[in-house]
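See structure below.
This is the structure:
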């Protein structure tokens, strides 16, 4: 008496505050996906990260660039000092001026992360649509009578973006 039923295990539903939190991007090729796969469907590498983590990384790079510029100015001021006293004074004043920059960067980090996330969505809206339509085609059976659009069943973006076509 064997049963023809096969046991199936579903992933638990993860409720997110925003729908875009389920969206992931490949660090290598930039392909977007909303599926729970480990590897990118485009390049086949294990480089998928959530879009929030990607925006966080971009914000850190943005802040590091500003800090490196300030340190380079500080080093130039110290290097071009005429005397030891002037070099020491330039170094102390430069370090005291870099301290507020670092503190300000720490305070505005969440806002910069959000700004980078919006820039990511606005700059790559077509890639997001393409990635979600690829997800829709690969995960749903090809039924020509299906009237569901891939944009309605996957991930909605947080803002309405208009594209010029």
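Residue numbers (my numbering): 2 to 166.
Every residue gets a Cβ at the ideal spot worked out from N, C-alpha and C, and that includes glycine.
The structure displayed is predicted, hence computed values, not measured ones.
For the region 39 to 125, the continuous beta strand (DSSP E) assignments of 3+ residues that do not extend past its boundaries occur at 49 to 51, in sequence order. At the C-beta level, residue 18 and residue 60 stay beyond 8 Å of one another.
Straight-line spacing of the CA atoms in residue 89 and residue 79 works out to 7 Å. The beta-carbon separation of residue 48 and residue 28, rounded to 4 Å, stays under the 8 Å limit for a contact.
For residue 34, the secondary structure class from DSSP, reduced to helix, strand or coil, is strand. Per the C-alpha coordinates, the member of 133, 92, 120 positioned closest to residue 20 is 133.
Going by DSSP, residue 25 is part of the beta strand (DSSP E) stretching over 25 to 27. At a Cβ-Cβ threshold of 8 Å, residue 50 and residue 25 count as neighbours.
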